[in-house]
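K.L.:
First, the structure itself, so that you have it in front of you.
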Amino acid sequence: MVLPTPLKHVETADELTKIISEKENVMVCCGRMGPMCIPVYGIMEELQDEYEHVEFRDMAFDSPEAHIIRNLPECSSFMGLPFTVYYKNGKVAAATSSIQNREQITSILDKEFGK
Amino acid sequence: MYKNRRQLIHKTTMEAIHYDSIIIGAGPAGLTAGIYLSRAKAKTLILDSGIAGGQMILTHEIANYPGIESISGYELSNNMRVQARKFGCDMLSGISIAQIDFESEVKSLKLSNGKSFTADSIILATGGRSRMIGAPGETNFKGRGISYCATCDGDFFQDKEIAVIGGGNTALEEAVALTKYASKVTLIHQFDHFQGFKHAEEEARANEKIHIQLNSRVVSFNGNDKLKSITVENLLTHELTDIELDGVFIFIGYEANTDFLQGRCIRLNERQEIVTDDKLQTNVQGVFAAGDALAKRFRQITTAVSDGTIAALNALEHINQRKQKAAEAKAS
Chain Z
1 MVLPTPLKHV ETADELTKII SEKENVMVCC GRMGPMCIPV YGIMEELQDE
51 YEHVEFRDMA FDSPEAHIIR NLPECSSFMG LPFTVYYKNG KVAAATSSIQ
101 NREQITSILD KEFGK
Chain R
116 MYKNRRQLIH KTTMEAIHYD SIIIGAGPAG LTAGIYLSRA KAKTLILDSG
166 IAGGQMILTH EIANYPGIES ISGYELSNNM RVQARKFGCD MLSGISIAQI
216 DFESEVKSLK LSNGKSFTAD SIILATGGRS RMIGAPGETN FKGRGISYCA
266 TCDGDFFQDK EIAVIGGGNT ALEEAVALTK YASKVTLIHQ FDHFQGFKHA
316 EEEARANEKI HIQLNSRVVS FNGNDKLKSI TVENLLTHEL TDIELDGVFI
366 FIGYEANTDF LQGRCIRLNE RQEIVTDDKL QTNVQGVFAA GDALAKRFRQ
416 ITTAVSDGTI AALNALEHIN QRKQKAAEAK AS
């Protein structure tokens with residue numbers, strides 16, 4: 001199950017585990033093709049050139065494999081799509097719920113991963 | 116025209132680029148203006164602080180766009196963007212405007228990244244954004260109990276008690292839609308009557324799960340890591356009541372994205388919407404406006420498309436008059 005976005009996708013929990021263990025900076029947006037999620041995918045797509053040191057991925061929220069995001073302690077209070085998680089050296093550095101604008105996303109990227 | 120964004124950025128670091136028209140905003144009004152202008156061979160740039168589509172991209176399903184039975188807001192946005200690009204329209208998204216000079220004959224603007232542009236005409240199509248209540252806790256609990264999209268987040272509230280804030284069509288319709296999930300929906304509105312269509316109100320009133328609380332406003336959102344309750348003021352008695360619940364959906368309309376125009380030469384009304392004449396020209400010659408940022412009653416994708424067309428055709432006339440004047444001056 002993959003989302004029809006131009007981003008690279010994470011399809012399985014194992015795949016996500018592998019990426020966050022191999023890459024220093026990873027941002028994963030876990031959502032659906034809904035109005036709160038699509039703008040976040042669009043912003044991520046645009047930031048890819050600017051933040052070459054960050055791996056940008058999406059993941060389908062309704063995939064059973066997305067338990068790896070849905071069940072994170074950092075997401076336990078989340079009640080709005082998408083769940084967006086920022087991993088630094090394999091650990092959750094930040095997580096947000098619901099739509100975020102470009103400034104909100106870049107401020108987390110800059111803070112956690114550097115410019 | 117510039118083949119890609121990188122080339123345009125590289126060029127703009129060197130000098131200000133001149134366009135026949137610069138459109139600020141890439142929602143349906145801005146994209147339509149871009150399609151018309153670039154198809155008429157006017158050198159056109161669309162700037163947007165976010166991504167192309169505006170409020171349209173937040174619409175799950177559009178079922179009243181003539182000629183298209185059903186389409187997602189994302190798909191319609193993308194179609195318009197591709198169409199504008201195909202005609203040669205340049206686009207820059209994710210920008211912020213640092214400086215403007217619209218009063219001179221040649222309009223100029225500078226972005227916060229230092230890049231500068233000039234133009235013979237400007238079209239302000241900056242659109243609107245969901246209005247927030249502004250009560251304490253609203254920002255903290257976004258995505259942790261507060262939502263602005265029923266279709267996105269409704270299923271998080273299965274068998275839970277929620278509130279819907281607002282009294283227009285969206286609030287009434289979404290309150291009904293949310294009863295598919297929630298055990299109880301309290302519909303809170305500040306006035307003593309609803310502003311939505313009669314049939315929408317009747318449907319909400321007939322639904323057993325919906326409890327209506329008029330003459331009321333939320334004064335605070337309360338909780339720790341997630342929303343636990345809201346404090347509501349009765350506007351007639353000023354009595355404060357805490358309502359324990361799991362979620363709140365807010366649908367209280369839109370406000371114009373005109374912050375960067377406040378205190379400048381462009382005339383705004385008391386709601387900070389742009390005032391124009393019947394050509395959709397503002398009080399400044401050569402500066403036009405279109406879409407949801409306009410002072411007007413109806414805000415639909417179709418009305419934005421109409422505004423974008425009218426503004427573009429009048430901007431085109433303005434551009435051609437300027438070119439003709441310049442040619443005559445050169446000849447004499």
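Line by line, the protein sequences are chains Z and R. Here the first sequence is numbered in the numbering used here, starting from 1 and rising by one per residue. Here the second sequence is numbered in the numbering used here, starting from 116 and rising by one per residue. Even glycine gets a Cβ: it sits at the ideal position worked out from N, Cα and C. All values reported here derive from a predicted model rather than from experimental measurement.
How would you list, in chain order, the residues of chain R whose beta-carbon sits under 7 Å from the beta-carbon of Ile-38(Z)?
P.N.:
What Ile-38(Z) touches in chain R: Ile-172 and Tyr-189.
K.L.:
Can you name, in chain order, every residue of its own chain whose Cβ lies under 8 Å from the Cβ of Lys-324(R), other than the five neighbours on each side?
P.N.:
Closer than 8 Å at Cβ, skipping near neighbours: Thr-294, Ala-297, Ser-298, Lys-299 and Val-300.
K.L.:
Cα-Cα, which of Pro-35(Z), Met-59(Z) and Glu-46(Z) is closest to Leu-3(Z)?
P.N.:
Considering only alpha carbons, the answer is Met-59(Z).
K.L.:
Would you identify the three-state DSSP class for Tyr-296(R), choosing helix, strand or coil?
P.N.:
Three-state result, Tyr-296(R): coil.
K.L.:
Judging by CA-CA distance, which residue of Asn-25(Z), Ser-107(Z) and Ile-43(Z) is the nearest neighbour of Asn-89(Z)?
P.N.:
Cα-wise, what sits closest to Asn-89(Z) is Asn-25(Z).
K.L.:
Going by other Cβ atoms of all chains shown within 10 Å of its Cβ, with 16 needed for buried, is Asn-339(R) buried or exposed?
P.N.:
Exposed.
K.L.:
In chain order, which alpha helix (DSSP H) runs of at least 4 residues are fully inside the stretch 61-111 of chain Z?
P.N.:
Correct list: 67-70.
K.L.:
Determine which residues share a DSSP beta bridge with Arg-108(R) and list them.
P.N.:
Within the shown structure, residues of chain R are numbered from 116 to 447, placing residue 108(R) beyond reach of any answer.
K.L.:
Identify every run of the alpha helix (DSSP H) within the stretch 168-232 of chain R, keeping only runs that are complete inside it and at least 4 residues long; order them along the chain.
P.N.:
List check, alpha helix (DSSP H) in window: 188-201.
K.L.:
Nearest-angstrom Cα distance between Lys-118(R) and Ile-303(R)?
P.N.:
Interpretation of Lys-118(R) is limited by its pLDDT of 45, a score under 50 that renders its predicted location unreliable; the figure taken from the coordinates is listed afterwards. About 51 Å.
K.L.:
Roughly how many whole angstroms lie between the Cα atoms of Ala-319(R) and Ala-178(R)?
P.N.:
Going from the Cα of Ala-319(R) to the Cα of Ala-178(R) covers about 21 Å.
K.L.:
How about Thr-346(R) and Ser-331(R): are their beta carbons less than 8 Å apart?
P.N.:
Not in contact: Thr-346(R) and Ser-331(R) (Cβ atoms no closer than 8 Å).
K.L.:
Using only the alpha-carbon positions, how far apart do Gln-439(R) and Phe-413(R) sit?
P.N.:
Cα-Cα distance, rounded: 36 Å.
K.L.:
With distances taken Cα to Cα, identify the nearest neighbour of Leu-160(R) among Tyr-180(R), Ile-172(R), Ala-199(R) and Pro-181(R).
P.N.:
Closest by alpha carbon: Ala-199(R).
K.L.:
For Gly-31(Z), which beta-bridge partners are listed by DSSP?
P.N.:
According to DSSP, Gly-31(Z) bridges with Ala-60(Z).
K.L.:
For a contact meaning CB atoms closer than 7 Å, what does Phe-78(Z) contact in chain R?
P.N.:
Simply Gly-258 and Arg-259.
K.L.:
Consider the Cβ of Thr-102(Z): report whether some Cβ of chain R lies at a distance smaller than 8 Å.
P.N.:
In the sequence on display, residue 102(Z) carries Arg and not Thr. Arg-102(Z) counts as touching chain R.
K.L.:
In chain R, which residues lie with their C-beta within 9 Å of the C-beta of Ser-117(Z)?
P.N.:
Residue 117(Z) lies beyond the residue range present for chain Z, which begins at 1 and ends at 115; the question has no answer from this structure.
K.L.:
Run down chain R in chain order and give the residues with a C-beta less than 7 Å from the C-beta of Ile-108(Z).
P.N.:
The premise fails here: Ile-108(Z) is roughly 14 Å from chain R at the closest Cβ pair, so nothing lies under 7 Å.
K.L.:
According to the Cβ coordinates, are Phe-78(Z) and Gly-258(R) closer than 8 Å?
P.N.:
Taking 8 Å as the Cβ cut-off, Phe-78(Z) and Gly-258(R) qualify as a contacting pair.
K.L.:
Ile-172(R): which of Val-40(Z), Phe-61(Z) and Ile-19(Z) sits nearest, CA to CA?
P.N.:
For Ile-172(R), the nearest C-alpha among the options comes from Val-40(Z).
K.L.:
According to DSSP, which residues form a beta bridge with Leu-329(R)?
P.N.:
According to DSSP, Leu-329(R) bridges with nothing at all.
K.L.:
Note down the Cα distance separating Pro-251(R) from Asp-235(R), rounded to an integer number of angstroms.
P.N.:
Answer to the nearest angstrom: the Cα atoms are 45 Å apart.
K.L.:
I'd like to know if Tyr-117(R) contacts chain Z, where contact means its C-beta is closer than 8 Å to some C-beta of that chain.
P.N.:
Low confidence applies to Tyr-117(R): its pLDDT is 46, below 50, so where it sits in the model is not reliable, and the reading given next is rough at best. No, because no Cβ of chain Z sits closer than 8 Å to the Cβ of Tyr-117(R).
K.L.:
Are the beta-carbon atoms belonging to Ala-408(R) and Glu-388(R) less than 8 Å from one another?
P.N.:
Contact: yes.
K.L.:
Leaving out five residues on either side along the sequence, give the residues of the same chain with a beta carbon under 8 Å from the beta carbon of Tyr-189(R).
P.N.:
Once the five neighbours on either side are set aside, the close Cβ partners of Tyr-189(R) are Gly-168 and Ile-172.
K.L.:
Go ahead and label Phe-309(R) buried or exposed: buried means 16 or more other beta carbons lie within 10 angstroms of its beta carbon, across all protein chains shown.
P.N.:
Buried: at least 16 other Cβ atoms inside 10 Å.
K.L.:
Please state whether the Cβ-Cβ distance between Gly-362(R) and Ile-277(R) is less than 8 Å.
P.N.:
The answer is yes: Cβ separation under 8 Å.
K.L.:
According to the Cβ coordinates, are Ile-212(R) and Ser-136(R) closer than 8 Å?
P.N.:
Not closer than 8 Å, so no.
K.L.:
Output needed for Arg-120(R): all residues of its chain with C-beta closer than 6 Å, excluding positions within five of it in sequence on either side, in chain order.
P.N.:
Residue placement at Arg-120(R) is flagged as unreliable, the pLDDT there being 49, under the threshold of 50; a coordinate-derived value is accordingly withheld.
K.L.:
Determine, using beta carbons only, whether His-125(R) comes closer than 8 Å to chain Z.
P.N.:
Reliability fails at His-125(R), whose pLDDT of 49 lies under 50, so the model's placement of it is uncertain and the value that follows must be treated cautiously. Judged by the 8 Å Cβ criterion, His-125(R) is not in contact with chain Z.
K.L.:
If Leu-395(R) sits next to Ala-426(R), beta carbons under 8 Å apart, how far is it from one beta carbon to the other, in whole angstroms?
P.N.:
At roughly 4 Å, the Cβ-Cβ gap stays under 8 Å, so Leu-395(R) and Ala-426(R) are in contact.
K.L.:
Since Gly-368(R) and Gly-242(R) are thought to touch, with beta carbons under 8 Å apart, how far apart are those beta carbons, to the nearest angstrom?
P.N.:
Incorrect: roughly 13 Å between the Cβ atoms, too far for contact.
K.L.:
Could you check if Asp-205(R) is buried or exposed, using at least 16 other CB atoms within 10 Å of its CB as the buried criterion?
P.N.:
The residue in question, Asp-205(R), is buried, as its Cβ has 16 or more Cβ neighbours within 10 Å.
K.L.:
Three-state secondary structure (DSSP) at Ser-421(R)?
P.N.:
Ser-421(R) falls in the helix class under three-state DSSP.
K.L.:
For Gly-42(Z), decide whether its Cβ has a neighbour in chain R, counting only Cβ atoms nearer than 8 Å.
P.N.:
Cβ-Cβ to chain R under 8 Å: yes for Gly-42(Z).
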